[in-house]
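Report on the following structure.
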Amino acid sequence: MTQRGRATRPTGQPRGAAGPRGGDLAARRDRLRAVIEPVVNDAGYDLEDLSVSRAGRRHVVRVMVDTDGGIDLDAVADVSRKVSAALDAAEETGGDIVAGEYQLEVSSPGVARPLTLPRHWRRNVGRLVKVTVRGAATLPGQRGEQPAGDRQLTGRVVAADDEGVHLETDDGRAAWAYAQLGPGRVQVEFTRLAELGEPEDEFDDADDSDEFDDSDDIDDEDDVEDEER
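Set out below in structure tokens:
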């Protein structure tokens with residue numbers, strides 16, 4: 002789900018007179034995080050990702066938030082308003098945070114988002130996940146000596162805490178410490194969704210989900226720079 006809003010800030014620079022790119026975007030992202038993360042946390046959510054990129058004459062500020070139980074469109078809209086107000090206040094008191102016109106996009110993670118933190122695994126209990134087990138000589142249920150190395154494992158998340166995760170595989174249930182695992186990837190199960198009565202569009206990417214959009218299309222006369230994360 003995405004809440005988009007637009008704000009304009011005069012830069013005082015003529016068109017095409019922007020400063021150096023790359024590291025400049027990284028510095029802006031750091032300034033944005035310092036303003037945005039406390040607002041998101043105070044609202045009861047986690048800041049999962051923050052990126053800033055250039056698109057034409059504007060910057061695009063993308064904020065991804067989540068919480069246990071998920072976040073709906075009304076909550077996304079509420080966070081967007083609070084973040085926008087905080088950016089306005091920061092620029093009034095501390096100068097140009099974004100530098101020029103910007104578009105704010107607030108969204109919740111789609112299932113394509115990798116599971117990298119304990120809270121990500123906890124929020125996906127019950128789902129089928131594919132993950133790389135690092136340096137695994139033998140996986141649960143396998144027999145005999147096998148060369149050490151990374152192995153792909155697919156299993157259902159049955160429990161997760163701050164230390165590790167329990168996965169149910171075809172070979173049985175096993176516990177893994179997070180240090181043993183690479184990023185997890187949720188697997189789409191349309192037949193299981195039908196059994197549970199869950200909508201299939203839950204598994205759409207964040208940009209394809211329901212949107213509240215009150216902004217104009219981004220000016221694309223300039224090339225869009227790669228986002229820095």
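Just so it is clear: in the sequence shown, position 168 is 169 by this note's numbering, and no numbers are missing.
Beta carbons: idealized from backbone N, C-alpha and C, even for Gly.
Count the other CB atoms, across all protein chains shown, that sit within 10 Å of the CB of residue i; report buried if there are 16 or more and exposed otherwise.
{"i": "Pro39", "result": "exposed"}
{"i": "Pro115", "result": "exposed"}
{"i": "Val99", "result": "buried"}
{"i": "Arg59", "result": "buried"}
{"i": "Gly136", "result": "exposed"}
{"i": "Ala178", "result": "exposed"}
{"i": "Pro153", "result": "Note on identity: in this sequence residue 153 is Gln, with Pro being the wrong assignment. So Gln153 ends up on the exposed side."}
{"i": "Gly156", "result": "buried"}
{"i": "Asp206", "result": "Residue placement at Asp206 cannot be trusted, given a pLDDT of 45 that sits under 50; what the coordinates show is reported in the next sentence. Answer is exposed; the Cβ neighbour count stays below 16."}
{"i": "Val189", "result": "exposed"}
{"i": "Ala91", "result": "buried"}
{"i": "Val159", "result": "exposed"}
{"i": "Ala56", "result": "buried"}
{"i": "Leu168", "result": "buried"}
{"i": "Ala138", "result": "Unreliable positioning characterises Ala138 in this predicted model, as indicated by a pLDDT of 48, which lies under 50. The coordinate reading is nonetheless provided below. So Ala138 counts as exposed."}
Using DSSP bridges, identify the partner residues of residue i.
{"i": "Asp177", "result": "Residue identity check: residue 177 is Trp in the sequence provided, not Asp. Partner(s): Val166."}
{"i": "His1", "result": "Any property of residue 1 remains undetermined from this structure, which presents the chain solely from 2 to 230."}
{"i": "Val158", "result": "Leu168"}
{"i": "Gln135", "result": "Per the sequence presented here, residue 135 reads as Arg, with Gln not at that position. Paired residue(s): none; Arg135 is not in a bridge."}
{"i": "Arg152", "result": "Val134"}
{"i": "Val126", "result": "For Val126, which the question treats as bridged, DSSP gives no partner whatsoever."}
{"i": "Gly185", "result": "Leu116"}
If contacts are defined as beta-carbon pairs under 8 Å, then residue i and residue j qualify, I think. What distance do you get, rounded to the angstrom?
{"i": "Val130", "j": "Gly185", "result": "4 Å"}
{"i": "Asp75", "j": "Met65", "result": "Actually they do not touch by this definition, with Cβ atoms about 17 Å apart."}
{"i": "Leu26", "j": "Val62", "result": "Contact flag wrong, Cβ pair sits at about 11 Å."}
{"i": "Asp151", "j": "Val134", "result": "7 Å"}
{"i": "Gly165", "j": "Ala176", "result": "6 Å"}
Out of the options, point me to the one whose CA is closest to residue i's CA.
{"i": "Thr68", "options": "Asp43, Ala91 and Gly150", "result": "Asp43"}
{"i": "Val107", "options": "Lys83, Gly101, Gly156 and Gly95", "result": "Lys83"}
{"i": "Val77", "options": "Asp47, Glu93, Glu102 and Ala56", "result": "Asp47"}
{"i": "Ser109", "options": "Gly71, Ala35, Thr117 and His167", "result": "Gly71"}
{"i": "Val112", "options": "Ser81, Ser52, Ala90 and Trp122", "result": "Trp122"}
{"i": "Leu182", "options": "Thr117, Asp89, Val41 and Gln104", "result": "Thr117"}
{"i": "Arg29", "options": "Gly101, Ala86 and Gly45", "result": "Gly101"}
{"i": "Ile37", "options": "Arg120, Ala86 and Thr170", "result": "Ala86"}
{"i": "Arg124", "options": "Ser54, Val187 and Glu93", "result": "Val187"}
{"i": "Phe191", "options": "Gly95, Gly45, Arg128 and Asp172", "result": "Arg128"}
{"i": "Leu105", "options": "Asp89, Glu93 and Asp172", "result": "Asp89"}
{"i": "Ala35", "options": "Ser54, Gly95 and Asp73", "result": "Gly95"}
{"i": "Gly45", "options": "Asp79, Ala180, Pro119 and Leu168", "result": "Asp79"}
{"i": "Ser54", "options": "Asp73, Asp31 and Val41", "result": "Asp31"}
{"i": "Ser52", "options": "Gly173, Ala180 and Tyr103", "result": "Tyr103"}
{"i": "Ala180", "options": "Ser81, Glu93 and Val132", "result": "Val132"}
Where in the segment 21-95 do unbroken runs of the beta strand (DSSP E), each at least 3 residues long, occur, reported from the N-terminal end onward?
Entirely contained in the segment 21-95, the beta strand (DSSP E) runs reaching 3 residues are, in chain order, 47-56 and 59-67.
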